[in-house]
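Residue numbers (my numbering), protein chains in the order written: chain E, 1214 to 1409; chain D, 17 to 759.
Every residue gets a Cβ at the ideal spot worked out from N, C-alpha and C, and that includes glycine.
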Ligand code: SF4
Ligand code: SF4
Ligand code: SF4
Ligand code: SF4
């Protein structure tokens, strides 16, 4: 039969071995509670349970290029609800990192935002609310950047009015060197390491 | 017995406030000979109980009528020993708590209830427990020497009773003896099956007598008095026992019927039982070429939960496949196991073993097998993967294991035929007829009971013995015969052990109760039994056919031959007998008839209808009590007459009541059908069948058929009681008063 999925356990083995929290999905019993409770499921191409099903079936391409793994907003609902105590969210993030590392870019904007966010935390020890959006907006070129800036102008002005956004650039936190050491160490502990 | 009767009316619990007690004493007892009538504000208190005791001792009172709370409470306080008849009259739940205080109708209800009680007490005699002439045996026969049978025998012996264990094969052990490993409580790891140890324990136990290569040829008699004929290695032996445990186990579902899953077509498609035997004998290999099996796929529910094959879940095969997947990984850590399932059903703590199987890396695929095939010497399975919503293919398989379900050993391959009775409609040319599972003629030979209703236990549609599933699981429809293990329902080993212990204990209880002339479940301790006034018997056979427990045999002249120790005291025979010659010391057609007659029926112009409610005392009556406790209200025109079982309802009561001017008759009994709740299995169903014949009576009296109604209620339906009654009262209102009033 055409289009029939051939089960291939090698991708599951790869995930168990190389993806952060990847081996947790062994314990998934396909109940679907995670998918049912995920607030983003309408936007996902495959809800979490199906991602796990695809991994089991060996559909490497579908999983690593899926939007779903990039869309997880860390709301924790699935983690709280999973009857098998699977940290579904960690698995989703683990897969996202792994996908990026393997050269897949399922959602470019999400990926570049994540990268810039991470870089800034690493450099300053905090987020600069003006600098981060600016970098993200202009990552697609000058014209794109200006369009995006105009789009968000309203919000920006109001934030400033309510003293939620400072005009001057943020400074580094004290002891940012120590923070960087900690982050480096943490990165070394992960299976694949952080994506940035 | 010369009766000296006293009536005690309790005025506590709101009864005194609801009723005119003096008038009640007067009106409620005037038709009867009552020696003492007293009231007390707190009858169940020490002072109240002492008052009664004083009258028993000082005045020689031997019949005590207590008009107070429901008979379901305080029965221990109002127990004055073997020689005193106690009659309870409900003035609390059914009167004071469910009717408005001080009303004329409430008062009339209380007076009728007291009259009914006085009438019942008048006709009650002290029971004399049945005592057989032969000596009673308390030994237990266990049929079947697998895990359940061995456990039952051993538990019997350890409780101090002699067990006789009969096994068909030449050695004990059953399926347990064929297993490589066992998965049981606490479901963390597999363990040794332990068959050898169990067999050794039985051999070392002086109180277990083992017959291997033996079959039971005949069991005659009844509980406490069974004679068992055993054919052992060709020789006949005879034993006397008091009760029987049937633990004849299961057989796997016939995989030859599973051709669509490749069985019989590909050598490397095997059943879970074949897999177990292969593993136990050493190595898991491909039957086609003898090479080691590495990639294995288990098809769960192979034939199970499938209306075409076994419609039910066997509840053990999920666990078994996980255990066997462990064997494969143990043999080769690189092996890959796929488990293709509809749902995983590892109940309770067994879920832990499911987790372990997942953690060990076995791949669980939710879906159904669509096709099994072969490619280049290896098997493949195509399945509809429910998660992916696609057809998937799993290739390169060495072995496909079909997790087949359990069929009770009692289930015959083809429905047996017996000689049809003369009046049967669907008999074939040779006068033969197919038997129904519900009869004692359906099951495969195991017990060979010398019962008129057939040699084996009546079964349910899938071949498991019929039992009251919720309340009395080990009971069967043959008193003194208990079923345990996979013959009772499919189960795994831990449950089979529980079952065996439970059934052994029930069997022991039965021998003890029988020796004292007492009934077993559900009328445990009842010392009455049906007595037959044989001179008037017309040999109509209704009693022998309708007794749900096969208690009545037949002699050569076709007379009914009651076996009191087989009797559950349901009274179904009493309800069946058209000649009304079957009665108990405290329950008879005449007695109930008199109770009905004691109800005062007001004249038509008083506009107070009277409705009789014949009510099953097992579930429906407690439900009414419960409704009273919840202070629910219902019509004051209903009079409740409790029945041992609605199956004991005799149609003559209906005819008599209607001809006396009672406006309607409501029957409240247990649910019947596939999920019956009747404590006597067939009682409420028989009552409804009998009722269908009541229309003749109604026609003869020219009365409307709506006047008689049967309603099924469960014990949890108490909240529906008021509505059931009110609805019926409306109907009665519509059809109008019974024209026979005042005749
Ligand atoms: S809730 Fe947990 S067990 Fe259920 S499908 Fe999601 S991950 Fe699997
Ligand atoms: S125990 Fe599992 S395999 Fe067996 S019938 Fe039930 S669900 Fe199917
Ligand atoms: S009382 Fe019930 S069990 Fe006993 S003989 Fe009659 S019908 Fe059978
Ligand atoms: S039902 Fe009554 S009349 Fe008929 S056989 Fe039994 S005892 Fe005799």
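Under the Cβ distance rule, residue 1307(E) does not count among the residues neighbouring chain D, no pair being separated by less than 8 Å. Annotated three-state conformation of residue 589(D) is helix, per DSSP.
Per DSSP, reduced to three states, the secondary structure at residue 685(D) is strand. In the DSSP secondary-structure assignment, residue 1348(E) is not bridged to any residue. At a cut-off of 8 Å, the C-beta of residue 1298(E) has no neighbouring C-beta in chain D.
In the structure shown, residue 369(D) falls within a helical segment according to DSSP collapsed to helix, strand and coil. In the assembly as shown, residue 709(D) is an exposed residue. Its beta-carbon has fewer than 16 other beta-carbons within 10 Å. Annotation: the region 649–682 of chain D contains the following complete segments of the beta strand (DSSP E) (minimum length 3 residues), in chain order: 654–659.
Chain D has no Cβ within less than 8 Å of the Cβ of residue 1312(E). Listed by position along chain D, the residues whose Cβ is nearer than 8 Å to that of residue 1219(E) are 408, 409, 410, 411. Ligand 2 never approaches residue 444(D) closely enough for any of its heavy atoms to be under 7 Å from the residue's Cβ. Residues of the region 353–385 of chain D that bring their beta carbon within less than 8 Å of a beta carbon in chain E comprise 354, 360, 370, 371, 374, 375, 377, 379, 380, 381, 382, in sequence order. Contact note: residue 401(D) reaches chain E through 1218, 1266, 1270, using a C-beta cutoff of 8 Å and chain order.
Set against 7 Å, the gap from the CB of residue 587(D) to the closest heavy atom of ligand 3 is smaller. Rounded to the nearest angstrom, the Cβ distance from residue 1324(E) to residue 1318(E) is 5 Å, consistent with a contact under 8 Å. A Cβ-Cβ contact shorter than 8 Å links residue 559(D) with residue 589(D). At a Cβ-Cβ threshold of 8 Å, residue 734(D) and residue 646(D) count as neighbours. At least one heavy atom of ligand 2 is found less than 7 Å from the C-beta of residue 359(D). In the DSSP assignment, residue 491(D) forms a beta bridge with 498(D).
The beta carbon of residue 1235(E) sits no closer than 7 Å to any heavy atom of ligand 1. Nearest in C-alpha terms to residue 248(D), of all of 212(D), 181(D), 241(D), 294(D), is 181(D).
In the displayed model, residue 479(D) falls within coil according to three-state DSSP, outside both helix and strand. Proximity of the beta carbon of residue 556(D) to ligand 3 is not indicated: no heavy atom of the ligand is located closer than 7 Å.
For residue 113(D), the secondary structure class from DSSP, reduced to helix, strand or coil, is coil. Under a 10 Å Cβ-count criterion, residue 1385(E) is classified as exposed, with fewer than 16 other Cβ atoms of the shown protein chains found around its own Cβ.
Ranking 376(D), 123(D), 253(D) by CA distance to the CA of residue 36(D) puts 123(D) first.
DSSP, reduced to helix, strand and coil, places residue 1323(E) within a helical segment of the structure shown.
Distances from the CB of residue 584(D) to the heavy atoms of ligand 3 include at least one below 7 Å.
Residue 347(D) carries a helical assignment under DSSP once its states are collapsed to helix, strand and coil. The beta-carbon of residue 1404(E) is placed no less than 8 Å from the nearest beta-carbon of chain D. Shown here for residue 172(D): same chain residues with a beta carbon closer than 6 Å to its own, the five before and five after excluded, namely 156, 179, 520 in chain order. Nearest to residue 225(D) by C-alpha distance, out of 284(D), 264(D), 159(D), 280(D), is 159(D). Any Cβ of chain D closer than 8 Å to the Cβ of residue 1234(E) would place that residue at the interface, and such an atom is absent. The beta carbons of residue 1259(E) and residue 1281(E) sit closer together than 8 Å. In the assembly as shown, residue 287(D) is a buried residue. Its beta-carbon has 16 or more other beta-carbons within 10 Å. Within the chosen limit of 7 Å, ligand 1 reaches the beta carbon of residue 1242(E) through at least one heavy atom.
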